[in-house]
Structure formats: structure tokens, C-alpha cells
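Q: One structure is given below, represented as C-alpha cells, and several questions about it will come after.
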Amino acid sequence: MSRRYPFPSYPNGWFAVGLSGDLPAGGSLTCRAFGQELVLFRTEAGAAFALDAYCPHLGAHLGRGGRVCGDSFRCPLHGFRYDGQGHCVGTSQGGPAVAGLRIGTWPLRERNGLLLVWHHAEGRPPQWEVPVLDAAEWSAMRVERVDVRTHPQEVTENSIDLTHFSELHGYEAVRVVDPPSLDGPCLRAAFASSRSVESLGTAGRAEFVFRVEVWGLGYVCVEAVDSVFGVRSRQFALATPLDDERVTLRLAASIVRFADPALTERILGLFFRGFISDLRQDIPIWENKRYVEAPALTRAEGILGAYRHWARQFYSAPGDAAATA
Ligand code: FES
Ligand SMILES: [Fe+2]
Numbered sequence: 003m004s005r006r007y008p009f010p011s012y013p014n015g016w017f018a019v020g021l022s023g024d025l026p027a028g029g030s031l032t033c034r035a036f037g038q039e040l041v042l043f044r045t046e047a048g049a050a051f052a053l054d055a056y057c058p059h060l061g062a063h064l065g066r067g068g069r070v071c072g073d074s075f076r077c078p079l080h081g082f083r084y085d086g087q088g089h090c091v092g093t094s095q096g097g098p099a100v101a102g103l104r105i106g107t108w109p110l111r112e113r114n115g116l117l118l119v120w121h122h123a124e125g126r127p128p129q130w131e132v133p134v135l136d137a138a139e140w141s142a143m144r145v146e147r148v149d150v151r152t153h154p155q156e157v158t159e160n161s162i163d164l165t166h167f168s169e170l171h172g173y174e175a176v177r178v179v180d181p182p183s184l185d186g187p188c189l190r191a192a193f194a195s196s197r198s199v200e201s202l203g204t205a206g207r208a209e210f211v212f213r214v215e216v217w218g219l220g221y222v223c224v225e226a227v228d229s230v231f232g233v234r235s236r237q238f239a240l241a242t243p244l245d246d247e248r249v250t251l252r253l254a255a256s257i258v259r260f261a262d263p264a265l266t267e268r269i270l271g272l273f274f275r276g277f278i279s280d281l282r283q284d285i286p287i288w289e290n291k292r293y294v295e296a297p298a299l300t301r302a303e304g305i306l307g308a309y310r311h312w313a314r315q316f317y318s319a320p321g322d323a324a325a326t327a
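Now the structure itself:
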């Protein structure tokens with residue numbers, strides 16, 4: 003259980019551990035999440051897998067010198083090889099596999115340019131999937147990564163906390179377009195707002211409609227359409243538990259491409275800067291706030307109560323095997 007929150011540090015669901023582009027064919031990467039080390043690898047044929055980092059033979063870290071070997075990953079110390087399902091498929095110098103020897107694995111999906119791993123406190127297989135978004139007209143993503151002392155539930159709550167958009171971020175005339183709908187692991191809502199576009203290097207105001215789609219507590223996707231300039235943007239806020247205290251927050255954005263690639267890059271850069279500067283305002287709030295279990299919500303904030311109720315589905319009940327972080 004988290005020390006700051008009355009729920010576990012590690013919710014169940016899909017969480018980002020990188021971008022698909024971080025993992026080339028024949029390559030690997032190490033990441034830390036859920037208080038553990040993971041090693042991801044991609045075969046030359048393009049299939050990607052996630053393993054526990056430590057070899058069950060004598061404990062070497064696979065990410066420190068291990069390598070892709072055909073369809074398997076080879077430990078740097080004695081050459082034991084493990085396939086994507088974690089089975090030992092061979093030992094050093096082509097020796098036979100050790101029967102029954104396995105390394106832990108993590109369900110991995112590539113969705114919308116992201117590498118997502120499934121975490122479940124009781125070890126259950128994936129119960130739902132993050133949908134694939136259309137990619138045809140969209141630019142490559144810009145990404146920034148920062149470790150923040152908070153919990154994924156706080157980051158996700160922020161995306162539907164309407165009143166803070168004006169108070170903290172300076173949006174004006176914030177209003178609900180589609181009231182939030184809670185559908186299994188998915189939460190959808192749409193808001194509208196106007197905002198100065200000085201940060202885009204031009205005078206005037208833009209009118210935005212934001213469509214928020216949340217899957218679990220680690221995946222927030224906001225598609226914004228600006229009716230004045232005609233820019234369509236997609237912003238991801240992806241909070242992955244790093245350990246009991248911190249999340250790794252990945253902020254990624256893309257826009258629908260313009261005919262001119264240079265213009266696409268320039269507008270994307272400006273949008274990304276605006277997105278990052280909003281998040282830079284949120285981060286010190288998250289790092290210093292305390293979690294109020296019975297908040298004094300105004301009538302306009304009823305969604306936050308509904309959100310917290312919805313969020314409970316992503317925690318194993320106290321007392322379930324390994325349910326606490
Ligand atoms: S520690 Fe990995 S093969 Fe020996
Ligand atoms: Fe915010």
C-alpha cells in the first residue's frame with residue numbers, strides 16, 4: 003500500500019514503458035516500473051516481448067549485455083536463452099534447454115506508437131485492451147519523460163478536473179460538451195474552452211474542443227480540435243508507477259499533418275511546448291498535495307466523485323494475493 007494514498011501504489015491495467023521506436027528490430031531496452039526491472043526485446047522478425055530483468059539461472063541482469071538471438075533473448079553470463087513466453091529454450095554453446103526453467107514475462111502491446119505492459123497485482127492476464135487509433139494523417143510524436151512524486155490516479159483525475167483548467171492553466175470559458183461517461187475501464191468526456199494563442203506566436207484566441215479518452219489509470223489521450231486555426235492535436239499523458247513513491251510520466255503529442263512538413267514541425271513544436279508548460283504547472287501541485295479521501299466537492303465537481311468510484315475497479319481488493327505494492 004502506498005504511504006500517501008489509501009490504495010495500492012500499483013493499479014491493474016496497461017501502462018506505458020516507452021515508444022515503439024525505442025525498440026528497433028534485434029534490439030532491447032531496460033526499464034524500471036512497479037518497483038521492478040524489466041527488459042524488452044524485439045526479434046529481427048519484429049515481435050516484441052517483455053521479460054523480468056533477472057536471469058533465473060544465477061541472477062545476471064539481462065539488460066546489461068544480453069542480446070537478441072533468433073526468436074529468443076540470450077543472457078550475457080552463461081548464454082541461457084529465453085523465448086517471449088519466458089521458457090528457457092537453450093543454454094550455453096547450443097546446449098539443451100533446462101526443462102521447466104522460466105523467466106517471468108509481462109504482457110506487452112504496441113498501441114498508437116506506445117509500448118504498453120499489463121500489470122495485475124494478482125497476476126491475471128489482460129482483462130481489456132487499449133484501442134488502436136487511426137494514424138494515417140498524424141505526425142510523428144514528440145515525447146518528454148519526467149519522474150514525479152505522485153500516483154497515476156492523480157494524473158488521470160487531472161484530465162477531468164474541469165475547474166483547475168481555468169484556475170491553474172488559464173483557460174477561459176471552460177464548459178462541458180459531452181458529460182463524462184464511464185464505460186468499464188474507459189472514461190470519455192468532452193470539454194470546450196478558449197485560450198490566448200500568444201504562445202503560438204500569433205495574436206488572438208483559439209476555440210478548442212477537447213475529447214478526453216482514458217483507459218485505466220495509466221493512459222489518457224486528449225484529442226483537441228481548434229476551430230479558429232484548424233489544428234487537430236493528440237496528447238497523451240501516460241503515468242507509469244516507478245516505485246512506491248513516484249511515477250514516470252510520459253507526455254507525448256502529435257498533430258494532423260499539414261502539406262508542408264516544416265509547418266507541421268513548427269506547429270507541433272508549439273503545441274508540445276504548450277502541453278509541457280501546462281504539465282509543469284500540475285507537477286508541483288501533485289508533488290506537494292495530500293490525498294483528501296472525503297473532498298468538499300462543489301456541485302459542478304460531481305464527476306470527481308464518480309471518477310474515484312470508477313477508479314476502484316483498477317485495484318485488487320485488500321488481502322488479494324500480492325495486491326499491495
Ligand atoms: S545467469 Fe543467466 S545464464 Fe547464468
Ligand atoms: Fe492540469
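Residue numbers (the working numbering): 3 to 327.
Just so you know, even glycine gets a beta-carbon here, dropped at the ideal spot from N, CA and C.
(1) Looking at C-alpha atoms only, which residue of Val233, Asp180, Arg197 and Leu184 is the closest neighbour of Arg213?
(2) Would you tell me roughly how many angstroms separate the C-alpha atoms of Ala49 and Ser22, rounded to the nearest one?
(3) Measure the beta-carbon distance from Val19 to Val119 and round it to whole angstroms, keeping in mind my assumption that it falls under 8 Å.
(4) Give the secondary structure of Pro154 by DSSP, where H, G and I count as helix, E and B as strand, and everything else as coil.
(5) Between the alpha carbons of Val328 and Leu281, how many angstroms are there, rounded?
(6) Look at Phe316 and Gly218 and say whether their C-beta atoms are less than 8 Å apart.
(7) Taking only the alpha-carbon atoms, compute the straight-line gap between Leu306 and Glu159 and give it to the nearest angstrom.
(8) What residues does ligand 2 have around it, judged by CB closer than 5 Å to any heavy atom, in chain order?
(9) What would DSSP say about Tyr221, mapped onto helix, strand or coil?
(10) With respect to the beta strand (DSSP E) encompassing Thr32, which residues constitute its N-terminal and C-terminal limits?
(11) Between the stretch 138–157 and the stretch 277–295, do at least 3 Cβ pairs fall closer than 8 Å?
(12) DSSP on His89, reduced to helix/strand/coil?
(13) Quick one: grab the DSSP three-state call for Ala323.
(14) DSSP three-state label for Trp288, please.
(15) Cβ atoms of Phe17 and Gly276: under 8 Å apart, would you say?
(16) Taking all protein chains shown into account, decide if Ile287 is buried (16 or more other Cβ within 10 angstroms of its Cβ) or exposed.
(17) For Ala62, is the beta carbon positioned less than 7 Å from some heavy atom of ligand 1?
(18) What distance in whole Å lies between the Cβ atoms of Leu184 and Ala308, which are believed to be in contact at a cut-off of 8 Å?
(19) Is His171 near ligand 1, judged by its Cβ being under 7 Å from some heavy atom?
(20) Helix or strand or just coil, what does DSSP make of Leu281?
(21) Would you list the one or two residues that DSSP bridges to Ser195?
(22) Where does Arg314 fall in DSSP's three states?
(23) Using beta-carbon positions only, say whether Glu225 and Arg207 come within less than 8 Å of one another.
(24) Considering only C-alpha positions, which residue in the set Ile257, Phe36, Asp246 and Leu60 is nearest to Thr93?
(25) In the DSSP assignment, what residue or residues form a beta bridge with Glu20?
(26) Going by beta-carbon coordinates alone, are Ser256 and Ser141 separated by less than 8 Å?
(27) Taking all protein chains shown into account, decide if Trp312 is buried (16 or more other Cβ within 10 angstroms of its Cβ) or exposed.
(28) Please classify Pro10 as buried or exposed, where buried requires at least 16 other C-beta atoms within 10 Å of its C-beta.
(29) Taking 7 Å as the line, does the beta carbon of Gly65 fall inside it for any heavy atom of ligand 1?
(30) So if DSSP puts Trp140 in a beta bridge, which residue, or which two residues, is it bridged to?
(31) Is there contact between the stretch 257–273 and the stretch 226–235, where contact requires at least three CB pairs shorter than 8 Å?
(32) Taking Pro128 as the reference, give the member of Ala138, Asp284, Val145 and Pro109 with the closest Cα.
(33) Determine the direct distance from the alpha carbon of Gln95 to that of Asp136, and round the result to whole angstroms.
A: By the coordinates alone:
(1) Asp180
(2) 11 Å
(3) 5 Å
(4) helix
(5) This structure cannot settle anything about residue 328, because the visible part of the chain is limited to 3 through 327.
(6) yes
(7) 7 Å
(8) Asn160 and Asp284
(9) strand
(10) Ser30 to Ala35
(11) yes
(12) strand
(13) Because the pLDDT of Ala323 is 48, which lies under 50, any placement of that residue in the model is unreliable, and the number read from its coordinates should be weighed accordingly. Reduced to three states, the DSSP call for Ala323 is coil.
(14) helix
(15) no
(16) exposed
(17) yes
(18) 6 Å
(19) no
(20) helix
(21) Phe210
(22) helix
(23) no
(24) Leu60
(25) The sequence given here places Gly at residue 20; Glu does not occur at that position. Leu117.
(26) yes
(27) buried
(28) buried
(29) no
(30) Val258
(31) yes
(32) Pro109
(33) 45 Å
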